[in-house]
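One structure is given here, and the rest of the page talks about it.
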Amino acid sequence: MNSRFCSIDFTLGCLILIAKENNSDFTFVKDKFSNSENFINILLDFFKENNLKIENLDFFMINLGPGGFVGLRNILSSIKSIALVKKIKVLGFNNFQILKTTIVNQDYEKVALEVNNRFYIKDLKNCDDYYSKFNSQNTLEKKSDKIVKFSKLPKYTSKNLQYILDNKLFIDSNLFPIYENM
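Counting in the numbering used here, the sequence shown runs from 3 upward without gaps.
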């Protein structure tokens, strides 16, 4: 699937924008991004600086966590508004799907993501399944050599996102109702 999309990730306290168009990647990362009210201006500047047009996108991809959800709600409502006006689809993905695409050694049994001093743990074999459950706990067990641990998401690109697209692992717009035929 060769698509034009923009991925937005605000789940772990920084803002990551990745746009893919004509096999080119455009990336913006702002560490310690805490003011989601400025998101629209940043998004529009990102598109302008890279000579991209929102209306040329096939869809938006939104990282839905786990992570911080207050800013995510603000960003999601902004993207859904743009998507409604521009008739662009919105797809969702999660941090575990991204993590799985970055793990070279698939011998691990579990993936643990630390967010705000809590560990979100999921079986590695279930990371592709968005709806499979994960556990949350304050500490990891001492003998956790079968758990690969992350305190932040590793750097990822549109290639990692393409894996999610090609394997249809995303949450489609049924959970993000966009009223296309208004």
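Here a beta-carbon is modelled for each residue, glycine too, at the ideal position from N, C-alpha and C.
The structure presented is a predicted model; accordingly, all values stated were derived computationally and were not measured.
Would you decide whether residue i is buried or exposed? Buried here means 16 or more other CB atoms lie within 10 Å of its CB.
| i | result |
| --- | --- |
| tyrosine 133 | exposed |
| proline 156 | exposed |
| asparagine 97 | buried |
| asparagine 40 | exposed |
| phenylalanine 95 | buried |
| serine 83 | exposed |
| serine 160 | buried |
| valine 92 | buried |
| glutamate 51 | exposed |
| lysine 148 | exposed |
| serine 9 | buried |
What are the boundary residues of the beta strand (DSSP E) that includes residue i?
| i | result |
| --- | --- |
| isoleucine 20 | 17–23 |
| serine 26 | 26–32 |
| arginine 10 | With the sequence shown as reference, residue 10 is identified as isoleucine, and arginine is not the correct amino acid for it. From DSSP, the beta strand (DSSP E) with isoleucine 10 extends over 7–11. |
| isoleucine 149 | 149–152 |
Could you pull the start and end residues of the alpha helix (DSSP H) that residue i belongs to?
| i | result |
| --- | --- |
| lysine 161 | 160–168 |
| aspartate 47 | 41–51 |
At the level of alpha carbons, what is the spacing between residue i and residue j?
| i | j | result |
| --- | --- | --- |
| serine 146 | tyrosine 110 | 10 Å |
| phenylalanine 12 | aspartate 125 | 23 Å |
| valine 150 | isoleucine 173 | 25 Å |
| glutamine 139 | glycine 70 | 16 Å |
| phenylalanine 62 | glutamine 108 | 29 Å |
| aspartate 60 | serine 5 | 6 Å |
| phenylalanine 136 | phenylalanine 121 | 10 Å |
| lysine 22 | asparagine 65 | 16 Å |
| leucine 54 | leucine 142 | 43 Å |
For a test of your reading of the model: does the CB of residue i fall under 7 Å from any non-hydrogen atom of the ligand NAP? Yes or no.
| i | result |
| --- | --- |
| valine 150 | Here there are no bound small molecules, and the ligand NAP is not part of this structure. |
Is there contact here, the stretch 86–104 with the stretch 162–171, by at least three beta-carbon pairs under 8 Å?
yes
Ranges of the beta strand (DSSP E) found wholly within the stretch 59–147, counting only runs of at least 3:
61–65, 91–95, 112–117, 120–125, 137–139
Is the stretch 111–126 touching the stretch 76–90, taking contact as three or more C-beta pairs under 8 Å?
no
Would the stretch 11–20 and the stretch 33–50 be scored as touching if the rule is three or more Cβ pairs under 8 Å?
yes
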